[in-house]
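In this note's numbering, the protein residues as written are 813 to 1347. For glycine and all other residues, C-beta sits at the position ideal for the given N, C-alpha and C. Before any comments, here is the structure.
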């Protein structure tokens, strides 16, 4: 999914002297301004490139929503710049054994209404996130959980079996006030009820297809925010966002389309910052749907993607071809980046070759092609649309008719999460949820994920894969995990339920009169505006 996702530190940047009064007179109302306190930004206007479906993340799980919700709502633990877990609402956490996680709840933390955070709030929030029955779109993160209980100032989570990556689930689970949630169960996260959290910025207005307003919460346990108020402007069209930045209507924006980065670099008074996004674009092929159920058809389609050409033409070089789902940087403590890259070279590459595509098709039940496929893509992801069109042109040469359809992002997401059968072809941009290669394996290759609100959109069901997933999950050493994971990715490459296309870089723009240190890959699940101050 375009879920991401994962990123950055929450700590406020070092104070910087404010600009002088004469300079202030030149700053427009929509621009960042300093106040009497050095480094204060009175108002920050930021461009958001996707509609925000809601402020209650368990029912609106995607990368755009995470970027917004994280400004106001917090998690028990968070990512630092390198993707390591560090304390947040839990000031101490650990694992006394392989099936137990313990989180000590930070004292003197208050919700925006003044209510003190308690372990009961945490337990309720985690239970809502774990409930597929309640419609949680992140319930798949909690499949290994046996119980979630409060004990004194601690929250204790017991697992049914060892789960080496569950520790990351709480880094993408936001804690809300239990009483407020229960009183507004049907409407929480909507424009009418908003939400109730503990973060540095409080939501005051929410209209997810247009704008979101926030104000600084001076009762924030982490200290007074330098940014005093925020306007988030939803501007999905890249060209429109570029124009708004050029005209001084925005102070910054995330997720600049790769094909527009060079244009943004030409803007005066703006700097562009780049980082590995740990985002993989991939094609999903429903292995239970007609011609796509034939592995040779799937391999033929895989050979029809000109990955290198797409990285050059669509990403303008701001990315790399993807031989497998997890980027090399996602292997965490299992393999080094160098080792992961070496392993990737041993996998089938499915480099662009119409000759190999035709040879695979000849082995299938459809040697002459002659069938139709449809490939929808979300309107907020123009690069995916361009990749889909390239594939359509290639498949014509195999006598396969592929119709590419643009869809409003809300409609596209609704289909993905509803998981109707068949799902056919889907093209998706996946932002990693945590720095572990089992992320993609667990959520898109596990047989149990081929259901509503889960992410196995290929309906891929392989006893061999499930056994390998269990083996890596129960492994006691990184070496044993690495061996099982390598076998799993080799099997994935052979069966081709998904075709990884590229890993892309991420770009953001910010005005030169603002400091924004420490921005990088893991910004999504952090209150990123805490790092911004005026020069």
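CB-CB under 8 Å to residue 1084, same chain, minus the five flanking residues each way: which ones, in chain order? 1068, 1073, 1076, 1077, 1319, 1320, 1321
Which of helix, strand or coil does DSSP assign to residue 958? strand
Have a look at 1227, 1113, 1229 and flag the residue whose alpha-carbon is nearest the alpha-carbon of residue 1176. 1113
Can you give me the Cβ contacts of residue 990 inside the same chain, cut-off strictly under 6 Å, excluding the 5 residues immediately before and after it? 932, 933, 936.
On the DSSP letters alone, give me the boundaries of the alpha helix (DSSP H) that residue 936 sits inside. 931-942
For chain C, find out if any of its Cβ atoms is closer than 8 Å to the Cβ of residue 1239; answer yes or no. Annotation note: the requested chain C is absent from the structure, which comprises a single protein chain.
Buried/exposed call for residue 1195, threshold 16 Cβ in 10 Å: buried
For residue 1256, tell me which candidate among 1246, 1248, 1267, 1250 has the shortest Cα-Cα distance. 1267
Where in the stretch 1123-1169 do unbroken runs of the alpha helix (DSSP H), each at least 4 residues long, occur, reported from the N-terminal end onward? 1149-1156
Cβ contact (3+ pairs, closer than 8 Å) linking the stretch 1001-1019 and the stretch 972-983: no
Within the stretch 1161-1222, note down every full alpha helix (DSSP H) run reaching 4 residues or more, in order along the chain. 1166-1174, 1194-1208
Name the two residues that bound the continuous alpha helix (DSSP H) containing residue 1113. 1107-1115
Quick check: what's the CA-CA separation for residue 1262 versus residue 944? 13 Å
Assigned secondary structure, residue 1256 (DSSP; H/G/I helix, E/B strand, else coil): In the three-state DSSP reduction, residue 1256 falls in the helix class (H, G or I).
My assumption, with CB atoms under 8 Å, is that residue 1101 sits in contact with residue 1234. Please give the rounded CB distance. Going by Cβ atoms, the distance from residue 1101 to residue 1234 rounds to 4 Å, so yes, they are a contact pair.
Where the beta strand (DSSP E) containing residue 908 begins and where it ends: 902-909
Can you name the residues that DSSP bridges to residue 1024? 1018, 1044
How about the stretch 1178-1186 and the stretch 1135-1149: do they share at least three Cβ pairs that are nearer than 8 Å? The stretch 1178-1186 is not in contact with the stretch 1135-1149.
Among 926, 1254, 1169, nearest to residue 954 - alpha-carbon criterion: Answer by Cα proximity: 1254.
Where does residue 1337 fall in DSSP's three states? Three-state result, residue 1337: coil.
Along the chain, where does the beta strand (DSSP E) containing residue 1088 start, and where does it finish? 1082-1097
Please report how far the alpha carbon of residue 834 lies from the alpha carbon of residue 884, in whole angstroms. Any reading at residue 834 needs caution, since the residue's pLDDT is 31, under 50, leaving its predicted position unreliable; the model's value is listed next. Per the coordinates, the alpha-carbon of residue 834 lies some 33 Å from the alpha-carbon of residue 884.
State whether the stretch 879-897 contacts the stretch 955-964, with contact taken as three or more CB pairs (one from each stretch) at a distance under 8 Å. No: fewer than three Cβ pairs fall under 8 Å.
Any idea which residues DSSP pairs residue 875 with across the strands? In DSSP, residue 875 forms no bridge with anything.
How far does the alpha helix (DSSP H) with residue 1052 in it extend, from its first residue to its last? 1050-1058
Quick one: residues in its chain with C-beta nearer than 8 Å to the C-beta of residue 880, no 5 flanking neighbours on either side, listed in chain order? Counting only Cβ-Cβ distances below 8 Å, and skipping sequence neighbours, we find 860, 864, 867, 1024, 1044.
Compute the Euclidean distance between the alpha carbons of residue 825 and residue 1034, then round it to the nearest angstrom. Any reading at residue 825 needs caution, since the residue's pLDDT is 27, under 50, leaving its predicted position unreliable; the model's value is listed next. Straight-line Cα distance between these residues: approximately 12 Å.
Does DSSP put residue 1302 in a helix, a strand or coil? helix
Opposing strand residues paired with residue 1323 [DSSP bridges]: 1082
Top-ranked residue by Cα proximity to residue 1028, from 1019, 1015, 973: It is 1015 whose Cα lies nearest to the Cα of residue 1028.
Where residue 997 falls, given that 16 or more other Cβ within 10 Å makes a residue buried: exposed
Within 10 angstroms of the Cβ of residue 845, are there 16 or more other Cβ atoms? Answer buried if so, exposed if not. Here the model assigns residue 845 a pLDDT of 40, short of 50, so the residue's position is not dependable and the matter cannot be decided.
Within the continuous alpha helix (DSSP H) that includes residue 899, where are the two ends? Where residue 899 is concerned, there is no enclosing alpha helix (DSSP H), although the beta strand (DSSP E) it sits in stretches over 897-899.
Helix, strand or coil for residue 1224 per DSSP? In the three-state reduction of the DSSP assignment, residue 1224 falls in the helix class, which pools H, G and I.
Are the beta-carbon atoms belonging to residue 1309 and residue 1250 less than 8 Å from one another? Not in contact: residue 1309 and residue 1250 (Cβ atoms no closer than 8 Å).
Hey, quick one: how far does the beta strand (DSSP E) through residue 973 stretch, first residue to last? No beta strand (DSSP E) holds residue 973; DSSP gives it neither H nor E.
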